[in-house]
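Here the protein sequences line up with chains A and B, keeping their order. All the letters of the first sequence, read from the start, carry residue numbers 2 to 525 under my numbering. All the letters of the second sequence, read from the start, carry residue numbers 48 to 275 under my numbering. Notes to accompany the following structure.
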Amino acid sequence: MTVLQDRKYLANTRAVLRGRTGRPTTTDNAYKIYETVLVLLIVIIPSARAVMVGLAVPEVAVAIAESLTLTSMTLALLVLAVAVVVLGRIRGPVVPPAAYIDLVVASPLSRSVTLRRAYGRGRLAFVLLALFGAALLAGGALLAGPIDMLGVGLFLVSAVLCAWQIALLWLVGQLSLPARRVTIAVLLTGLAVIVLLAAFPTTNSIIGWLGPWGWVAHVWQATHEGVGLATWLALSALILGLGATRWTARLLDSLSHEDLQSQAQRWGTVAALVVSGDVKSAMNKLKAYPKIGRRWQVTFPQSPALAIVVRDLVGLARFPVRAVFWAIMSVASGALLAYTFIPVSGGALLAIAAPILMYFAVGGWAEGLRFHAATVGASSPSGMSPARQALTHLIVPTIAAEILILSGTVLVAVLVPALNIGTIALWATALVAFLVVMQSFSAFKGMLPIELLTPMPTPIGDLAPLNVAMWLADAVTVVLLVAGVLTSLVIVAPSPVTLLVLLAGAGALMAWWSWSRFRRLVRP
Amino acid sequence: MLKLSGRSNRITESKFSAEAHLEARGVGRTIHDLVLLSPTDVTLTPGRCLAVLGQNGAGKTTLLRILAGKQQPSEGEATMGGRVIDERDTFIRRSIASLIGVPAFYPDLTVGEQLALINATWGVPKGKSETIVASSLESFGIANLRQRFVHELSSGQTQMFYLAATFIRPSRVLILDEPEQRLDPSRKDALVEAVLRAQSGGAAIVFTSHDSSLVDRLANATVDLGAA
Numbered sequence: 002m003t004v005l006q007d008r009k010y011l012a013n014t015r016a017v018l019r020g021r022t023g024r025p026t027t028t029d030n031a032y033k034i035y036e037t038v039l040v041l042l043i044v045i046i047p048s049a050r051a052v053m054v055g056l057a058v059p060e061v062a063v064a065i066a067e068s069l070t071l072t073s074m075t076l077a078l079l080v081l082a083v084a085v086v087v088l089g090r091i092r093g094p095v096v097p098p099a100a101y102i103d104l105v106v107a108s109p110l111s112r113s114v115t116l117r118r119a120y121g122r123g124r125l126a127f128v129l130l131a132l133f134g135a136a137l138l139a140g141g142a143l144l145a146g147p148i149d150m151l152g153v154g155l156f157l158v159s160a161v162l163c164a165w166q167i168a169l170l171w172l173v174g175q176l177s178l179p180a181r182r183v184t185i186a187v188l189l190t191g192l193a194v195i196v197l198l199a200a201f202p203t204t205n206s207i208i209g210w211l212g213p214w215g216w217v218a219h220v221w222q223a224t225h226e227g228v229g230l231a232t233w234l235a236l237s238a239l240i241l242g243l244g245a246t247r248w249t250a251r252l253l254d255s256l257s258h259e260d261l262q263s264q265a266q267r268w269g270t271v272a273a274l275v276v277s278g279d280v281k282s283a284m285n286k287l288k289a290y291p292k293i294g295r296r297w298q299v300t301f302p303q304s305p306a307l308a309i310v311v312r313d314l315v316g317l318a319r320f321p322v323r324a325v326f327w328a329i330m331s332v333a334s335g336a337l338l339a340y341t342f343i344p345v346s347g348g349a350l351l352a353i354a355a356p357i358l359m360y361f362a363v364g365g366w367a368e369g370l371r372f373h374a375a376t377v378g379a380s381s382p383s384g385m386s387p388a389r390q391a392l393t394h395l396i397v398p399t400i401a402a403e404i405l406i407l408s409g410t411v412l413v414a415v416l417v418p419a420l421n422i423g424t425i426a427l428w429a430t431a432l433v434a435f436l437v438v439m440q441s442f443s444a445f446k447g448m449l450p451i452e453l454l455t456p457m458p459t460p461i462g463d464l465a466p467l468n469v470a471m472w473l474a475d476a477v478t479v480v481l482l483v484a485g486v487l488t489s490l491v492i493v494a495p496s497p498v499t500l501l502v503l504l505a506g507a508g509a510l511m512a513w514w515s516w517s518r519f520r521r522l523v524r525p
Numbered sequence: 048m049l050k051l052s053g054r055s056n057r058i059t060e061s062k063f064s065a066e067a068h069l070e071a072r073g074v075g076r077t078i079h080d081l082v083l084l085s086p087t088d089v090t091l092t093p094g095r096c097l098a099v100l101g102q103n104g105a106g107k108t109t110l111l112r113i114l115a116g117k118q119q120p121s122e123g124e125a126t127m128g129g130r131v132i133d134e135r136d137t138f139i140r141r142s143i144a145s146l147i148g149v150p151a152f153y154p155d156l157t158v159g160e161q162l163a164l165i166n167a168t169w170g171v172p173k174g175k176s177e178t179i180v181a182s183s184l185e186s187f188g189i190a191n192l193r194q195r196f197v198h199e200l201s202s203g204q205t206q207m208f209y210l211a212a213t214f215i216r217p218s219r220v221l222i223l224d225e226p227e228q229r230l231d232p233s234r235k236d237a238l239v240e241a242v243l244r245a246q247s248g249g250a251a252i253v254f255t256s257h258d259s260s261l262v263d264r265l266a267n268a269t270v271d272l273g274a275a
């Protein structure tokens with residue numbers, strides 16, 4: 002086909018696809034504009050203003066100026082570059098609708114033609130996000146004190162150019178490169194950066210010259226130290242950016258139909274589930290499948306309970322990165338809990354935040370429980386009763402969370418001699434037990450009740466989404482409430498025994514509620 | 048098939064015949080004047096195989112769910128050995144194995160591990176479990192898939208895995224909803240052999256099917272639910 006025929010084919014097919022969904026009416030367009038303006042005025046602009054004012058507070062501004070060194074900014078941008086490659090594997094910049102992939106992308110037309118618009122949209126979103134971030138930083142600096150305006154302008158331009166190039170790395174991530182090769186490349190990049198930093202500790206600007214992302218850091222310095230070199234760097238970034246664009250077509254041509262289709266289907270389903278309020282199913286769609294350990298010689302003990310414990314451990318071991326993440330989060334949440342006991346920390350907010358963080362950390366170990374809850378009404382070949390199996394699935398999260406969270410609390414308690422290790426450990430133990438109950442409360446929730454989606458018109462709008470949100474966040478809300486009540490009672494200072502009895506009461510109530518939810522799951 | 052290991056589920060041959068006698072008298076299911084299943088009678092004795100026939104929507108799966116104790120009939124009564132069939136009853140749960148829809152399994156275990164775990168939950172000793180798993184995988188023709196995760200199986204292979212998971216557990220009654228779905232002819236042969244083996248071991252079997260040749264090969268009796 003000639004280029005002209007290609008364009009005609011593309012235009013016709015796009016028209017057919019538009020016809021399927023129907024053209025948006027003038028009212029649709031007007032509503033979209035109204036919605037966008039509303040979100041801008043009510044959410045984006047006030048939030049951005051608040052962030053910039055916050056950044057301009059003298060103490061914060063000084064802290065930022067000290068931490069945003071050439072090295073730290075370059076490293077942050079390098080990490081971002083690596084992160085987008087990894088992100089591309091999960092969700093790349095090119096995710097057109099599944100029907101478009103089957104009708105247009107699968108046609109004889111070259112993919113650089115058929116996917117150009119889809120990539121353009123993804124890249125534009127990324128660049129706008131980068132520009133927004135850079136503008137927040139620059140806005141904060143502008144409010145904080147005198148700053149070179151030309152430097153600010155160049156910084157924003159550099160941020161856009163840098164994002165333009167990083168978007169290309171995002172596209173590289175979407176190519177079906179072997180996972181092992183990507184891991185090795187990421188590790189080698191990290192190692193190279195560490196070696197360079199170690200070899201040239203005083204000349205930290207070396208890292209800054211490695212690529213355009215380092216140049217953005219140079220330009221940021223220029224906003225404070227005057228423009229000169231920055232102009233040339235921004236210009237070089239522009240040339241490099243335009244040069245990199247030439248690679249875009251080649252990369253788009255390398256995208257496989259299978260990869261495009263799997264991402265399109267997955268994200269299409271996720272979007273549909275989120276719109277219907279079924280966030281749990283949406284999250285399940287995003288979960289990775291196990292890939293490692295298929296040759297492990299797993300032996301299950303004869304005892305059914307121990308067999309379930311081994312099962313849960315094997316499941317955790319098959320996702321080592323996830324396990325390490327939850328381990329770090331568990332220890333950190335335990336440490337945060339101990340930190341709230343330090344009188345000078347004075348953090349009522351932290352005292353509430355610690356149990357919330359602990360709640361999520363406990364959830365990381367309860368994957369087996371969630372699998373069981375998801376299939377509890379189905380035909381089960383298991384020799385255990387559904388209830389016994391559910392209780393057995395609580396063993397691993399309870400023990401793992403107790404050990405790791407306690408080690409975090411004990412670590413802080415040891416470092417701060419004024420703290421009473423015994424009291425803090427007792428609190429951590431009791432809280433973990435309560436949070437395990439709350440995890441089962443959340444796991445046994447089942448499907449979103451359809452009646453919650455019924456519109457609830459009120460003078461201030463439809464309240465149905467609020468109902469859905471409350472249903473989704475019920476466990477977190479209860480944790481927040483209990484943590485809040487306990488924190489306020491600690492301030493009033495009744496005896497620890499009274500507080501523990503209160504916590505046990507709340508735990509018993511929630512355990513009863515979890516049980517009734519479980520019964521409904523077993524027999525709807 | 049007959050011998051249940053473990054502490055509470057050991058049964059003797061003499062008790063087996065009486066306890067495995069499954070009977071449904073006039074069971075039907077109606078929701079808001081909508082008839083899902085018209086009153087139906089079913090009698091099943093150990094070692095017999097009953098095929099439930101009928102067009103789509105005739106109530107075949109509803110009948111199987113009632114016989115498995117997963118749903119209570121709105122009229123009539125289903126009993127096994129004189130006890131009302133209800134999956135909340137431990138005896139019923141331990142006696143009846145069912146494959147109705149997608150069974151419960153763990154996505155982070157391999158095919159071999161899933162079967163070994165089922166054995167462990169039934170208290171099968173480690174050494175014996177290995178032999179049972181190997182023989183089960185072999186008989187369903189999926190021994191080469193032992194180290195695969197379930198999401199890595201084709202639809203036909205997945206069905207064979209579901210069947211293996213259902214047949215590996217001890218049971219007195221097997222309830223199978225269209226067990227032949229997505230299976231090629233050679234796999235259907237493996238299914239027939241497994242059903243016949245279970246039958247000769249004394250298990251009672253109820254299954255639904257749209258495959259007349261499978262019904263001819265397996266069923267000792269049929270119940271036709273007719274049209275929807």
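Virtual Cβ for every residue (Gly too), placed ideally from N, Cα, C.
Legend entry - Cutoff 8 Å: residue 215/B Cβ touching any chain A Cβ: yes
Inset, instruction - Write down the C-beta distance between residue 470/A and residue 456/A rounded to the nearest angstrom, noting that I regard them as a contact closer than 8 Å. - result: Contact doesn't hold; Cβ gap of about 15 Å is too wide.
Legend entry - CB contact check: residue 212/B to chain A, cutoff 8 Å: yes
Inset, instruction - Name the two residues that bound the continuous beta strand (DSSP E) containing residue 160/B. - result: Not the beta strand (DSSP E): residue 160/B falls in the alpha helix (DSSP H), residues 158-168.
Inset, instruction - Tell me whether residue 124/B sits in a helix, a strand or coil according to DSSP, three-state version. - result: strand
Legend entry - N-terminal and C-terminal residue of the beta strand (DSSP E) that residue 301/B is part of: Absent from the structure is residue 301/B, since the part of chain B shown begins at 48 and ends at 275.
Legend entry - Three or more C-beta pairs below 8 Å linking the stretch 29-36 of chain A and the stretch 110-127 of chain A: no
Inset, instruction - Name the one or two DSSP bridge partners that residue 458/A has. - result: 463/A
Legend entry - C-beta contact flag for residue 265/A and residue 98/A at 8 Å: yes
Inset, instruction - In the DSSP assignment, find the unbroken alpha helix (DSSP H) run with residue 161/A in it and report its ends. - result: 150-175
Legend entry - Boundaries of the alpha helix (DSSP H) in which residue 215/B is found, first to last residue: 202-215
Inset, instruction - Whole angstroms is fine: what's the gap from residue 141/B's alpha carbon to residue 496/A's? - result: 50 Å
Inset, instruction - Please confirm if residue 98/B has its CB atom under 8 Å from at least one CB of chain A. - result: no
Legend entry - Partners in chain B for residue 308/A, counting only beta-carbon separations shorter than 7 Å: 164, 167, 168
Inset, instruction - Mind reading off the beta-carbon distance from residue 221/B to residue 250/B? Whole number of angstroms is fine, and I expect it under 8 Å. - result: 6 Å
Legend entry - Partner residues on chain A for residue 147/B, Cβ-Cβ distance less than 9 Å: 379, 380
Inset, instruction - Following the continuous alpha helix (DSSP H) through residue 260/B, name the residue where it begins and the one where it ends. - result: 259-265
Inset, instruction - Please determine, among 453/A, 109/A, 480/A, 7/A, the residue with the shortest C-alpha to C-alpha distance to residue 468/A. - result: 453/A
Legend entry - Euclidean distance between Cα positions of residue 12/A and residue 113/B: 56 Å
Inset, instruction - Can you tell me which of the three DSSP states residue 418/A falls into? - result: coil
Inset, instruction - Look at the Cβ atom of residue 204/B, then the Cβ atom of residue 192/B, and state whether they are nearer than 8 Å. - result: yes
Legend entry - Cross-strand partners of residue 100/B (DSSP beta bridge): 271/B
Inset, instruction - Output the distance between the C-alpha atoms of residue 1/A and residue 362/A, rounded to the nearest integer angstrom. - result: Shown here, chain A extends from 2 to 525; a query on residue 1/A therefore has no answer.
Inset, instruction - List the residues of chain A that residue 140/B touches, going by C-beta distances under 8 Å, in chain order. - result: 386
Legend entry - Neighbourhood of residue 167/A by C-beta, 6 Å cutoff - its chain only, sequence neighbours within 5 removed: 82, 85
Legend entry - Proximity winner among 383/A, 472/A, 436/A, relative to residue 215/B (alpha-carbon distances): 383/A
Inset, instruction - Could you tell me the distance, in whole angstroms, from the CA atom of residue 300/A to the CA atom of residue 373/A? - result: 20 Å
Inset, instruction - Pull out every residue of the stretch 291-305 of chain A whose Cβ sits closer than 9 Å to any Cβ of chain B, in chain order. - result: 291, 292, 294, 295, 296, 297, 299, 300, 301, 302, 303, 304, 305
Legend entry - Sequence-distant residues of the same chain with beta carbon closer than 7 Å to residue 152/B, five excluded per side: 161, 197, 212
Legend entry - Closest Cα partner of residue 125/B within the set 76/B, 102/B, 274/B: 76/B
Legend entry - residue 24/A burial status per 10 Å Cβ neighbour count (16 or more: buried): exposed
Legend entry - Rounded straight-line distance, which links the Cα of residue 331/A to that of residue 405/A: 6 Å
Legend entry - Boundaries (first-last residue) of the alpha helix (DSSP H) holding residue 133/A: 117-145
Inset, instruction - Go through its chain and collect everything with a Cβ distance to residue 204/A's Cβ below 6 Å, but skip five positions before and after it. - result: With a pLDDT of 48 at residue 204/A, under the threshold of 50, the modelled position of that residue is not reliable, and no figure is offered here.
Legend entry - Anticipated Cβ contact below 8 Å, residue 143/A with residue 153/A, distance rounded: 7 Å
Legend entry - Cβ-based neighbour list, residue 319/A, same chain, cut-off 7 Å, excluding 5 preceding and 5 following: 291, 293, 294
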